[in-house]
């Protein structure tokens with residue numbers, strides 16, 4: 001039976017985002033411990049954390065999906081959503097951001113990891129989500145905070161606002177000065193920091209740092225600017241109000257710091273969230289959601305469990321939902337909530353209702369997908385946000401070793417793609433291969449591992465086949481007669497054809513120059529059908545393209561000629577002509593657009609050249625200072641694993657888009673390899 005508890009109570013939803021291995025999950029553990037939601041912060045390394053509890057996350061020691069946990073702090077409820085940091089799994093973050101009230105961006109004082117931070121900040125800017133920046137691992141930082149801030153500012157188009165300065169002792173940060181409170185704090189392991197007299201502990205530059213903070217706030221507050229110019233100390237409450245307003249209006253990104261692993265700086269972060277993070281009413285306004293109307297929720301994630309069926313993770317934006325409520329999705333599909341669950345990592349608990357602000361699981365909404373809005377009742381709601389999955393950059397052919405498992409494989413892949421719209425499953429119409437495509441090698445590896453861990457289905461993968469083509473080298477002609485007598489009506493057709501090459505991209509053309517009725521009109525299309533069948537597989541085993549076939553002569557029998565006979569004769573004549581004309585293999589060439597940091601673009605150029613690619617253009621990336629765009633033409637056969645090499649040479653952030661451009665003749669060593677394969 002469901003519980004009587006109601007989730008919600010105007011709870012705030014905060015996304016925890018940041019680059020891979022920046023300490024996001026550890027920070028969530030520290031927040032939960034500080035609020036008393038867990039007795040002791042779990043460890044990612046030891047496999048005891050609330051987040052990263054799936055088999056795949058434990059095996060790879062990384063976040064592989066969204067993790068949700070809740071905590072009450074000083075009488076207010078917070079839902080935290082720990083988002084994967086891998087660039088390959090960024091779709092999870094994109095889906096949840098619009099429905100969050102704020103985000104904590106976790107990063108390190110490491111210049112090498114700044115390129116990975118910028119795309120995350122851009123996602124937040126595009127989603128227009130207010131955000132704090134938490135500079136983690138301050139206990140191991142090699143640079144001064146202000147130097148680090150200058151480096152980090154390159155990744156953010158919104159000004160970073162330093163809220164604290166560290167207190168150093170023997171090169172180690174032992175505490176901090178809160179520039180708004182004008183108080184000094186000394187860190188304590190896994191406990192709130194101890195307040196000390198600011199005059200005793202504060203660094204000599206504390207007043208200058210506070211004045212710089214106030215100057216930044218005054219950029220958006222004329223009254224504060226006048227006070228500063230008149231050397232009037234602003235009231236503390238006024239400073240906090242300005243901090244809250246300018247965060248909510250996205251004028252600044254407040255920067256706090258600490259050590260998630262040691263629990264340092266966590267209480268001040270919690271208090272900044274409590275006082276300054278927007279509430280649901282402001283998030284509704286940002287999303288254009290009216291405060292009145294039918295209960296409305298945004299689906300931010302989807303899970304398929306082995307036994308519990310489909311679970312839609314929903315942020316309630318308006319009203320409240322109860323078990324059994326009928327809903328309609330923004331795509332028009334109806335459903336009924338079979339149960340409402342509170343979420344904590346992998347654990348779930350039945351509750352009675354989900355009120356405004358709640359982040360809860362809605363059970364058995366089979367027709368609803370991630371990114372969709374749902375409303376109680378029968379009226380279809382408008383979509384609150386649109387989340388578009390990126391184009392795939394890595395593919396594998398996937399198949400079950402046993403034929404009896406093929407139907408199960410298709411169903412399980414559909415569930416994985418429902419969970420993650422960045423996974424694309426399609427059947428190649430030419431090769432018949434079932435292909436799984438996504439954002440990189442790890443992305444696809446996790447999908448394969450989930451097939452086994454959740455559904456007990458082991459699969460094999462391989463490199464997808466390339467859609468090679470052939471075309472003729474020169475004109476040719478041939479004649480073929482199909483004659484067969486087996487009793488009763490026989491089969492007879494006599495066909496003469498000529499082949500001529502066409503310009504690249506023209507495909508296949510069929511015509512005739514028949515006069516005098518040597519081939520009756522009703523059989524001429526049959527010759528065309530036979531010719532097309534012969535071109536389906538040329539001498540090298542690939543479809544033949546860019547060729548014109550002309551029926552020039554022939555003969556028929558009044559009784560024994562038929563559609564089948566002329567198709568057979570046409571097929572034989574074209575096959576003979578192909579042997580005379582000779583063919584060359586064509587390969588698909590892709591137009592590739594690569595984006596990467598400017599200091600890594602030379603490595604991307606080398607990768608393209610090493611893969612038989614031709615550089616076409618090079619330009620700065622619009623709106624991205626310090627990034628470039630490289631366009632090139634690259635054979636599709638050379639693109640397998642390209643994203644792996646590109647990311648390894650661009651600090652993990654380079655990516656590309658590709659589309660078919662043209663067919664080109666394969667020459668040199670690749671041509672000899674293909675010819676040998678055909679033989």
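In UniProt numbering, the protein residues as written are 1 to 679.
Every residue, glycine too, gets a C-beta built ideally from N, C-alpha and C.
Close-in-space but distant-in-sequence residues of the same chain around residue 680 (CB under 7 Å, 5 per side omitted) = The displayed coordinates of the chain run from 1 to 679. Any statement about residue 680 would go beyond what the structure contains.
Segments of 3+ residues assigned as beta strand (DSSP E) that fall wholly inside the UniProt domain "Translation elongation factor EFG/EF2" (465-582) = 469-472, 476-484, 491-501, 508-512, 547-555
inquiry  = To the nearest angstrom, how far is the alpha carbon of residue 186 from that of residue 120?
reply    = One-based indexing of the chain shown puts residue 186 at position 186. One-based indexing of the chain shown puts residue 120 at position 120. Cα to Cα, the separation comes out at about 31 Å.
query = So, are the CB atoms of residue 165 and residue 209 less than 8 Å apart?
reply = Taking the first residue of the chain shown as position 1, residue 165 is located at position 165. Taking the first residue of the chain shown as position 1, residue 209 is located at position 209. In contact: residue 165 and residue 209 (Cβ atoms closer than 8 Å).
query = Since residue 587 and residue 636 are thought to touch, with beta carbons under 8 Å apart, how far apart are those beta carbons, to the nearest angstrom?
reply = To locate residue 587, count along the chain shown from 1; it is residue 587. To locate residue 636, count along the chain shown from 1; it is residue 636. Between residue 636 and residue 587 the Cβ distance is about 7 Å, and since that is below 8 Å, they are a contact.
key: DSSP bridge partner residues for residue 359 (one or two, in chain order)   = Counting from 1 along the chain shown, the entry for residue 359 is found at position 359. According to DSSP, residue 359 bridges with 315.
request  = Could you say if the stretch 637-646 and the stretch 567-579 meet the contact criterion of at least three C-beta pairs nearer than 8 Å?
outcome  = no
task = Using three-state DSSP, classify residue 323 as helix, strand or coil.
result = Taking the chain shown and counting its residues from 1, the one referred to as residue 323 is at position 323. It is coil, neither helix nor strand.
request  = Identify which residue in 621, 606, 538 has its Cα closest to the Cα of residue 582.
outcome  = Here residue 582 is taken as the residue at index 582 of the chain shown, counted from 1. With distances taken between Cα atoms, residue 582 lies closest to 538.
request  = Note down, in chain order, each residue of its chain lying with its Cβ closer than 8 Å to the Cβ of residue 474, except the 5 sequence neighbours on either side.
outcome  = Here residue 474 is taken as the residue at index 474 of the chain shown, counted from 1. Correct list, in chain order: 501, 581, 582.
query = For residue 362, which residues from the same chain have a beta carbon less than 6 Å from its beta carbon, with the 5 sequence-adjacent residues on both sides left out?
reply = Residue 362 sits at position 362 when you count from the first residue of the chain shown. If we look at residue 362 and ignore the five residues flanking it on each side, its Cβ neighbours are 312, 314, 337.
task = For residue 217, collect the residues of the same chain with a Cβ closer than 8 Å to its Cβ; drop the 5 residues on either side in sequence, then sort them by chain order.
result = As a working note, residue 217 is residue 217 in the chain shown. Once the five neighbours on either side are set aside, the close Cβ partners of residue 217 are 161, 224, 239, 242, 243, 246, 252.
CA-to-CA distance, residue 51 to residue 131, given in whole angstroms = For the purposes of this step, residue 131 is identified with residue 131 of the chain shown, where counting begins at 1. For the purposes of this step, residue 51 is identified with residue 51 of the chain shown, where counting begins at 1. Cα to Cα, the separation comes out at about 21 Å.
query = Name the DSSP beta bridge partners of residue 104, please?
reply = Along the chain shown, read from residue 1 onward, the residue named residue 104 stands at position 104. DSSP output for residue 104 lists 16, 132 as bridge partner(s).
message = Could you check whether the stretch 617-631 touches the stretch 547-566, counting it as contact only if at least three pairs of C-beta atoms, one from each stretch, sit closer than 8 Å?
response = no
message = Rounding to the nearest angstrom, what Cα-Cα distance links residue 80 and residue 237 in this structure?
response = Here residue 80 is taken as the residue at index 80 of the chain shown, counted from 1. Here residue 237 is taken as the residue at index 237 of the chain shown, counted from 1. Residue 80 and residue 237: Cα-Cα distance of roughly 27 Å.
request  = Give a yes or no on whether the C-beta atoms belonging to residue 66 and residue 92 are separated by under 8 Å.
outcome  = Taking the chain shown and counting its residues from 1, one reaches residue 66 at position 66. Taking the chain shown and counting its residues from 1, one reaches residue 92 at position 92. Contact flag set, yes.
inquiry  = Using a Cβ-Cβ cutoff of less than 7 Å, which residues in the same chain neighbour residue 72 once the five nearest sequence positions on both sides are dropped?
reply    = Within the chain shown, the letter at position 72 stands for residue 72. Correct list, in chain order: 35.
ask   = Short check: CB of residue 63 to CB of residue 137, under 8 Å?
value = Sequence index remark: in the chain shown, residue 63 carries index 63 (1-based). Sequence index remark: in the chain shown, residue 137 carries index 137 (1-based). Result no, Cβ atoms of residue 63 and residue 137 do not sit closer than 8 Å.
message = Helix, strand or coil for residue 21? Go by DSSP, reduced to three states.
response = Locating residue 21 in the chain shown gives position 21, where the first residue counts as 1. Residue 21: coil per DSSP, three-state reduction.
inquiry  = Quick check on residue 672: buried or exposed, where buried means 16 or more other Cβ atoms within 10 Å of its Cβ?
reply    = Mapped onto the chain shown, residue 672 falls at position 672. Burial call: exposed.
request  = Report buried or exposed for residue 290, applying the criterion of at least 16 other Cβ atoms within 10 angstroms of its Cβ.
outcome  = The residue labelled residue 290 in the question sits at position 290 within the chain shown. Exposed, because fewer than 16 other Cβ atoms sit within 10 Å of the Cβ of residue 290.
key: Limits of the beta strand (DSSP E) - the one that residue 620 falls within   = Numbered from its first residue, the chain shown carries residue 620 at position 620. Its beta strand (DSSP E) spans residues 614-620.
ask   = Just how far apart, CA to CA, sit residue 23 and residue 106?
value = On the chain shown, position 23 is the one that residue 23 refers to. On the chain shown, position 106 is the one that residue 106 refers to. Each residue's Cα considered, the two are about 7 Å apart.
inquiry  = Checking 8 Å against the spacing of the C-beta atoms, do residue 517 and residue 546 come in under that value?
reply    = Here residue 517 refers to the residue found at position 517 when the chain shown is read from its first residue. Here residue 546 refers to the residue found at position 546 when the chain shown is read from its first residue. Taking 8 Å as the Cβ cut-off, residue 517 and residue 546 do not qualify as a contacting pair.
message = Could you tell me which whole alpha helix (DSSP H) segments of length 4 or greater appear in the stretch 368-424?
response = 406-419
request  = Quick one: measure Cβ to Cβ for residue 139 and residue 262, integer angstroms, because I've assumed they're closer than 8 Å.
outcome  = Along the chain shown, read from residue 1 onward, the residue named residue 139 stands at position 139. Along the chain shown, read from residue 1 onward, the residue named residue 262 stands at position 262. Their Cβ separation, rounded to whole angstroms, is 6 Å, which keeps residue 139 and residue 262 in contact under 8 Å.
request  = With a threshold of 16 other CB atoms inside 10 Å of the CB of residue 403, please say whether the residue is buried or exposed.
outcome  = Walking along the chain shown from the start, residue 403 turns up at place 403. So residue 403 counts as exposed.
key: Exposure label - residue 680; buried when at least 16 CB within 10 Å   = Residue numbering for the chain in the displayed model covers 1 to 679; residue 680 lies beyond these limits and cannot be assessed.
ask   = Hey, quick one: how far does the beta strand (DSSP E) through residue 297 stretch, first residue to last?
value = Taking the chain shown and counting its residues from 1, one reaches residue 297 at position 297. Per DSSP, residue 297 belongs to the beta strand (DSSP E) from 296-305.
ask   = Contact between the stretch 169-189 and the stretch 263-272: three or more CB pairs below 8 Å?
value = yes
task = Confirm, please, whether the CB-CB distance from residue 177 to residue 141 is below 8 Å.
result = Stepping through the chain shown from its first residue, residue 141 is reached at position 141. Stepping through the chain shown from its first residue, residue 177 is reached at position 177. Result no, Cβ atoms of residue 141 and residue 177 do not sit closer than 8 Å.
Distance, residue 443 Cα to residue 347 Cα = If you number the chain shown from 1, residue 347 lands on position 347. If you number the chain shown from 1, residue 443 lands on position 443. Spanning the two alpha carbons is a distance of roughly 24 Å.
query = How is residue 589 classed by DSSP in three states: helix, strand or coil?
reply = Taking the chain shown and counting its residues from 1, the one referred to as residue 589 is at position 589. Three-state result, residue 589: strand.
ask   = Using DSSP with H/G/I as helix, E/B as strand and the rest coil, what is residue 662?
value = Numbered from its first residue, the chain shown carries residue 662 at position 662. DSSP places residue 662 in strand when its eight states are reduced to three.
request  = Could you work out which residue in 399, 264, 535, 148 is closest to residue 193 when comparing CA atoms only?
outcome  = Numbered from its first residue, the chain shown carries residue 193 at position 193. When each option's Cα is compared against that of residue 193, the closest is 264.
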